[in-house]
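Quick notes on the structure that follows.
Given below as structure tokens:
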């Protein structure tokens, strides 16, 4: 999911479904637990690099 976000492979909801989540909210919670930031923040940080 992190790579798809970095590659701008779609919006967060699309990426959540691509990687097997049925709920964007649950995906966001799991992503935040794993990476320490929301998918949106992760995408913004990746674009700044």
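Residue numbers (this note's numbering): -7 to 41.
C-beta atoms are modelled at their ideal positions from N, C-alpha and C, and glycine is treated no differently.
Taking 8 Å as the threshold (beta carbon to beta carbon), is residue i in contact with chain D?
i, result
"residue 9", "Any reference to chain D falls outside this structure, which holds one protein chain only."
Near residue i, what residues of its chain come up, given a Cβ to Cβ distance below 7 Å and the 5 sequence neighbours on each side ignored?
i, result
"residue 32", "4"
"residue -7", "7, 11, 23"
Within 10 angstroms of its Cβ, does residue i collect 16 or more other Cβ (buried), or is it exposed?
i, result
"residue 18", "exposed"
"residue 37", "exposed"
"residue 26", "exposed"
Keeping to the same chain, check which residues put their C-beta closer than 8 Å to that of residue i; ignore five residues upstream and five downstream.
i, result
"residue 22", "13"
"residue 30", "20, 23, 24"
Kindly indicate which residue of the options has the alpha-carbon position closest to the one of residue i.
i, options, result
"residue 1", "29, 35, 26", "35"
"residue 41", "8, -2, 30", "-2"
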